[in-house]
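Protein chains in written order, with this note's numbering: chain P, 1 to 487; chain F, 488 to 974. Backbone N, C-alpha and C fix where the C-beta goes; we use that ideal spot for every residue, glycine too. Nothing here was measured: the structure is a model prediction, and the numbers come from that model.
Number of protein chains: 2
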Amino acid sequence: MIEIPHWLDKQTDLQPNATAIELEGRVVTFNDIKEKSQRMASGLINSGVKKGDHLAILAGNRLDFVYFIHAVSYIGAVAVCLNIRLSPREIAYQLEDADVKHVYTEQEHINKASEAAHILKKQPSIIPLGTLPDSEKVMDLNQFLKLDDVFTMMYTSGTTGKPKAVMHTYGNHWFSAVSSALNLGLSTNDKWLVCLPLFHVGGFSLLMKNVVYGMPIVLLNRFDAPLVNDHIMNNNVTLVSLVTVMLQRLLKSQDELYPSTFRGALLGGGPVPEPLLQEAGQANIPVFQSYGMTETSSQIVTLSPNDAFRKLGSAGKALSPASLRVIANDGLTSPNEIGEIHVKGPMVSSGYYQHEPHAEDYLATGDLGYLDEEGFLFVVDRVKDMIISGGENVYPAEIESVLQEIKDIEEAAVTGINHEEWGEVPSAFVVVSDQSSITKEEIYNFCQKRLASYKVPRTINFVSELPRNAANKLVRRNLAQLLDEED
Amino acid sequence: MIEIPHWLDKQTDLQPNATAIELEGRVVTFNDIKEKSQRMASGLINSGVKKGDHLAILAGNRLDFVYFIHAVSYIGAVAVCLNIRLSPREIAYQLEDADVKHVYTEQEHINKASEAAHILKKQPSIIPLGTLPDSEKVMDLNQFLKLDDVFTMMYTSGTTGKPKAVMHTYGNHWFSAVSSALNLGLSTNDKWLVCLPLFHVGGFSLLMKNVVYGMPIVLLNRFDAPLVNDHIMNNNVTLVSLVTVMLQRLLKSQDELYPSTFRGALLGGGPVPEPLLQEAGQANIPVFQSYGMTETSSQIVTLSPNDAFRKLGSAGKALSPASLRVIANDGLTSPNEIGEIHVKGPMVSSGYYQHEPHAEDYLATGDLGYLDEEGFLFVVDRVKDMIISGGENVYPAEIESVLQEIKDIEEAAVTGINHEEWGEVPSAFVVVSDQSSITKEEIYNFCQKRLASYKVPRTINFVSELPRNAANKLVRRNLAQLLDEED
C-alpha cells in the first residue's frame, strides 16, 4: 500500500510562507492552513472524534471548510460533504445513509442541519464551525496519507434516484490532481480560481490541486462574473473551472481581451455550443471541455483548446493515466457507434458506501456516447436522463419520487427542458386520479417544501398517460413530445 | 493493485504524430516508437521470449535501446540494463547474478558480450540488436502496466563492493517522473536533452518522462559540449540533465547568454562549487542541484535555483511525495546534526534482486548528511567512501577486491583523490609482502584487464600499513593523509 507524506505538511515544508489561498482580500499561507487545520484536528480529537468517524460538513466556500477538510485527514476520519442547497429531508437521508456521527456547519445553515437531525431516530450532533474546540496542543496526527484509505464521501444518484455516497480515497484525489497536471501542464505561475462549490467534486478537486501542486487558489464563495473577470484581468489568475452558464456570463460582463497569461477555462457540464466557443475564442479564452463525474473525482476526459473547433461537441480523450471504452452488446463498439461509456483509472472511485464495490475493472458510467475515428469521445446522453441545471445535476427519479408522495398523483415523470439561463430546468408530467381537483400550484408548493429550489419543476403538465416502451418502462426522452402535443 | 494504460499507447492515443525523440537530425513520433516497439516485442515473443524473462541490454544511447525497453514492457519481461563500460568479467557477474536469459547488444559490444558469456557455465544467448526478429504480426501485448510489477534492474554497489541489482517497478519510474513534474513544473513547450547514458537511472528516467509526460527529448549518444549548447541555443531545448563536469564544459564552450526559454540544468553527483554556480548564474543557466541514487529512480531531493546561493552546498528538500529523515543513534537528529540519510516514497525501489527486501519503511541510504534549521539537506559523505569520477560511481571495495587477487599484495585500500577534469579518480594504497618485487606498473596492468577504465586506480601507493579504527576496520577517509606523509 502506497503512502505519501501528508500533502499539507509537505507544502508547508517546501514553501511555508507561499500564498496558498486568497479569499476576500485575505491571504493565507500553507503554514497558516497547516497551523489552523492541526489545531482544529487536535480540538476534534479532544472532543472525542476518532479515526474512521464519519463527519459531515455543511458549509459554503470558506476557510473553515478548508481547515475542516485537512483536519479530517490529520485525524484519519472521513468527510461527508453535504450540498448546502439540499432540503432538511434530503440532508437527513444522507446523514443516516452515511452513518454520520457529527455535523459541522456554518451559522447560516445551523437550523437546516438541526431540522434534518430531528427527522432521524439516531441524531448526529450539530456543531457550529465557529464554536469548534481549538486546541493548542497538537495531538498525534497523521503524518502520512495512505492512498487506499477513504477520505471523502459525496452524494450522487444513478437512474434509480436514490442518492448514493461516492467514496473517494486519498489516492483517487491525488491521481486526479496529477492527471490534470499531466494534461494541462503545471507552471510555478499558476493560480486557479475556484467559484464552484467545494462540496461538489469539481470545486473540491481544486482544494486537492492546491496541496498536491503547492499552487495558490483564489476562493470565491459564489460565482460573480465581474469579480471573476477582475481576478483574471488584474490578479494573475491563470486557470478557472466553470460550467457553461458561467462562461456565458463572464463573456457578457467583459469587453476587453483576456490577457495571454490566462491559460484558460476548464469546463464541465456537457458540450459547449459553437457560438459560445467562437465568442470565447475571440475574447482570448482557451476553453478545455471535459467529461467527468463524482465517481471519477472530477474530469477524466478532456478536449484541448487546439481541437475545440475541429472536434466540436466532443469531450476529448481520456487523461493519462485513465482509460475509456464504449461498450454495446457486450463488446467494444466500432468508431461512431453509440454505446455505454466505461472508464478506468486510479482516480475512479471503487464504489458507493453501503453498496457492493464495482464488480468490473471498468466503471460503467450509465452515459451513452461514441468514439470517432481518431478516438475522440462524444457524449450523447449525459447520465441517460439526467438534467443539468446551472451546473447542478438534477435526477428526474428523485423528483418523481417526491411527486408520487402526493396522494392525487398516480404517475409522474420528469425531464429537462431547455432554459436560456440555466441550460436546462426540470419539467414534470403527471397523471392524476379521475376525481382529483389538485392544482399545479399545490403540486409546486409541495415540491418546494421537499426539494432544493433548483430541483423544483419549473413547469407542471397534466397528461393522460406517460410514454412507456414495450417492457412498460418509462421513456423519459419522449416526454418532450407530450409538451409539443399540448401546445 | 494500480494499473495504468501502457504509457506509449497512451501518448500515441493522445498525440500520435507529435515528436517523441530527436536523434542525430532524425525525428521520431510517438506512433513511430509504438510501431517499432510493438513489432520488436512481437518478434521477441515469436523467438521464444516470455513474460517474466530477464533480458539484458548492452547498448549506448540509440533508438534500438528505446524500442527494446518498450518492447520489454509490452511483453512483461524485465530489462537488465548493462553499463557498456564494464569489463567482460564484470558483465559476466551481472548476467549470472541477474539470471539473464538473453543479451541484446549493439554491434560495437558484441565481442565483449560474447567474452562475458563464455566465462559463465550457463551461457545466455547473445543477440545483436540489428538482427532482432521483426514481426509484422503484433501478438497479444500488454495494454496495461501494473505499477507493482518489476520493469528494470540496474546494478549498483553498496560499501561491500559486491554489485547488487536494484529492481525498479513501473510504479517507481512513474512516480519518479511525476514527482519531478510536481517539482519543476511541466510545460507543453518542454524539450529535455539527454546526454547521460540510458543504462544509468539518470538517463533512463528521461526516457520515462518522455512517455509519462508526452514530452519530446533530444537524445545524444554521448556528451558533446558544443552540440549540447547548440541544441539549447537553437533547438528550443528547455531542460538538460548533467553531472557537474558537464556543466563546466558547457560554460567553457559558450560565450553567449543562454536564452530565457531555457528552464535550466538538473545536476546530479554532489554539490556544485560556488564559482561554478556563479558562472552558471552569469550565463543565465538556472541550476537545480539534486540528490538521488539508483535506488530512488533518480533525484529524490532537489534544490531550486532560487535557493542555490542561500543554501550553498545543499541538495535541497525531498520531492513531493517523498520523505526524508536523518538518523543518528536510532533517533531523529537535531538540526545540523550529522546522521545517516533515510528516504521513503513510491519512487524508492523495494529492494535488490537476490536479496531480502528492505525491512524498514525507509531506505537507509548509507549516506551521511544533516538537515539545517529550515530542513534543507546537506550531504556530507556521498555513500560513505564512494568515488564519483566523471559522473560514474566508483566503489572502492570493488577495486580493492581486484587488487587483493594479486598474490604479492597483503592489503589494499582505495580512495578518491581530487582531479581537475573528472572531479575524483580512484587512488590505491597497497601493503605488499616483504619479499615482493612487484612494480606499480604490474599492478596497474592487472587492474586494466579486470576493470572498466574509469575504475582503474590513477595512482598506486606502497604503504607499510593501512589506517584502521579501534575495531580494526579500515578508515578510508584517512588514506589521503598517507598521501601527504609520502610527499
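Could you check which residue in M641/F, H655/F and V681/F has the C-alpha nearest to that of H687/F? To locate residue 687/F, count along the second sequence from 1; it is residue 200. The residue among M641/F, H655/F and V681/F with its C-alpha nearest the C-alpha of H687/F is M641/F.
Using three-state DSSP, classify P792/F as helix, strand or coil. By one-based count along the second sequence, residue 792/F stands at place 305. Three-state result, P792/F: helix.
Tell me the DSSP bridge mates of L344/P? In the first sequence, residue 344/P corresponds to position 344, counting from 1. Per the sequence shown, residue 344/P should be read as Lys rather than Leu. K344/P is bridged to S323/P.
Whole-angstrom distance between S914/F and G512/F, CA atom to CA atom: For the purposes of this step, residue 512/F is taken as residue 25 along the second sequence, with counting starting at 1. For the purposes of this step, residue 914/F is taken as residue 427 along the second sequence, with counting starting at 1. For G512/F and S914/F, the distance between alpha carbons rounds to 41 Å.
Tell me G856/F's beta-bridge partners as DSSP assigns them. Position 369 of the second sequence, counted from the start, is the residue given in the question as residue 856/F. According to DSSP, G856/F bridges with G826/F and V866/F.
Classification of Q38/P by the beta-carbon crowding that lies within 10 angstroms, buried from 16 upward: Locating residue 38/P in the first sequence gives position 38, counting from the first residue. Classification for Q38/P: buried.
Would P197/P be called buried (16 or more neighbouring beta carbons within 10 Å of its own) or exposed? Counted from its first residue, the first sequence places residue 197/P at position 197. Around the beta carbon of P197/P, 16 or more other beta carbons sit within 10 angstroms, so the residue counts as buried.
Helix, strand or coil at S290/P [DSSP, three-state]: Here residue 290/P refers to the residue found at position 290 of the first sequence. The answer is strand: DSSP assigns S290/P an E or B state.
Spell out whether any CB of chain P is found under 8 Å from the CB atom of A507/F. Here residue 507/F refers to the residue found at position 20 when the second sequence is read from its first residue. With 8 Å as the cut-off, A507/F does not count as an interface residue toward chain P.
Just mark R750/F as buried or exposed, buried being the case when its beta carbon has 16 or more other beta carbons within 10 Å. If you number the second sequence from 1, residue 750/F lands on position 263. By the neighbour-count rule (16 or more Cβ atoms within 10 Å), R750/F is buried.
So if I threshold CB-CB distances at 7 Å, which residues from the stretch 661-680 of chain F count as touching chain P? Per Cβ criterion, the list reads V665, A668, L669, G672, L673, S674 and T675.
Contiguous beta strand (DSSP E) assignments of at least 3 residues, all confined to the stretch 220-295 of chain P: Counting only runs of 3+ residues, the beta strand (DSSP E) found wholly inside the stretch 220-295 of chain P occupies 239-243, 264-268 and 287-293, in chain order.
7 Å CB neighbourhood of R325/P in its chain, flanking five on each side removed: Along the first sequence, one-based indexing puts residue 325/P at 325. Closer than 7 Å at the Cβ level, and outside the excluded window around R325/P, lie L332, H342 and Y362.
DSSP three-state call for E847/F: helix, strand or coil? The residue you call residue 847/F lines up with position 360 of the second sequence. Three-state result, E847/F: coil.
Indicate the three-state DSSP secondary structure (helix, strand or coil) for R797/F in the structure shown. Sequence index remark: in the second sequence, residue 797/F carries index 310 (1-based). Here R797/F sits in coil by DSSP.
Residues in the same chain with beta-carbon distance under 7 Å from A41/P, minus the five sequence neighbours each way, listed in chain order, please. As a first step, residue 41/P must be located in the first sequence, where it is residue number 41. Counting only Cβ-Cβ distances below 7 Å, and skipping sequence neighbours, we find A71, Y74, I75 and L141.
Is Q786/F helix, strand or coil by DSSP? For the purposes of this step, residue 786/F is taken as residue 299 along the second sequence, with counting starting at 1. If DSSP states are grouped into helix, strand and coil, Q786/F belongs with the strands.
Contacting positions in the stretch 119-140 of chain P - beta carbon closer than 7 Å to chain F: none
Give, in chain order, every residue of the stretch 316-344 of chain P whose Cβ lies closer than 7 Å to some Cβ of chain F. K317, S320, P321 and S323
Quick check on this structure: which residue in G768/F, T643/F and D500/F has the alpha carbon closest to the alpha carbon of S747/F? The count along the second sequence starts at 1 and reaches residue 747/F at position 260. Measuring from the Cα of S747/F, the nearest candidate turns out to be G768/F.
Around the Cβ of M488/F, are there at least 16 other Cβ atoms within 10 angstroms (buried) or fewer (exposed)? Counted from its first residue, the second sequence places residue 488/F at position 1. That one is exposed.
Within the same chain, show all residues whose beta-carbon is closer than 8 Å to that of A480/P, passing over the 5 residues directly before and after it, in chain order. Here the question's residue 480/P lines up with position 480 in the first sequence. T415 and I417, listed in sequence order.
Which word fits N229/P, buried or exposed, when buried means at least 16 other C-beta atoms lie within 10 angstroms of its C-beta? What you label residue 229/P is simply residue 229 of the first sequence in a count that begins at 1. Classification of N229/P: buried, given that the 10 Å Cβ count is 16 or more.
For the beta strand (DSSP E) that K608/F lies in, which residues bound it at each end? Numbered from 1 along the second sequence, position 121 holds the residue referred to as residue 608/F. Premise fails: K608/F is in no beta strand (DSSP E) and is neither H nor E.
With 8 Å as the threshold, decide whether the Cβ of K538/F is near any Cβ in chain P. Mapped onto the second sequence, residue 538/F falls at position 51. No, no contact with chain P.
Simplified DSSP assignment, three categories, for L628/F: Mapped onto the second sequence, residue 628/F falls at position 141. Here L628/F sits in coil by DSSP.
Taking contact to mean 3 or more Cβ pairs, one atom from each stretch, closer than 8 Å, check whether the stretch 219-227 of chain P and the stretch 247-260 of chain P are in contact. yes
Amino acids of chain P, ordered along the chain, whose beta-carbon sits closer than 7 Å to that of I489/F: As a working mapping, residue 489/F is identified with position 2 in the second sequence. Residues of chain P passing the Cβ test: P346.
Of all the residues that make up the stretch 86-107 of chain P, which are near chain F by a beta-carbon distance shorter than 8 Å? none
Proximal chain F residues relative to L219/P, where beta-carbon distance stays under 7 Å: For the purposes of this step, residue 219/P is taken as the residue at position 219 of the first sequence. Per Cβ cutoff of 7 Å: no residues; L219/P is ~22 Å from chain F at best.
Let's test the definition: count the other Cβ atoms within 10 Å of the Cβ of G48/P and tell me whether it reaches 16, buried, or not, exposed. Here residue 48/P refers to the residue found at position 48 of the first sequence. Label assigned to G48/P: exposed.
Hey, could you find the ends of the alpha helix (DSSP H) E929/F is sitting in? As a working mapping, residue 929/F is identified with position 442 in the second sequence. For E929/F, the enclosing alpha helix (DSSP H) has its first and last residue at K927 to R937.
Roughly how many angstroms separate the alpha carbons of Q11/P and S176/P, rounded to a whole number? Reading the first sequence from its first residue, position 11 is the one you call residue 11/P. Reading the first sequence from its first residue, position 176 is the one you call residue 176/P. The straight-line gap from Cα to Cα measures roughly 18 Å.
Taking the alpha-carbon of A668/F as reference, which of T656/F, V698/F, V653/F and A652/F has the nearest alpha-carbon? For the purposes of this step, residue 668/F is taken as the residue at position 181 of the second sequence. Measuring from the Cα of A668/F, the nearest candidate turns out to be V698/F.
Which runs of the alpha helix (DSSP H) at least 4 residues long sit entirely within the stretch 877-927 of chain F? Give them in chain order. 883-890
Rounded straight-line distance, which links the Cα of A113/P to that of L729/F: Start at 1 with the first residue of the second sequence, and residue 729/F comes out as number 242. Start at 1 with the first residue of the first sequence, and residue 113/P comes out as number 113. Straight-line Cα distance between these residues: approximately 59 Å.
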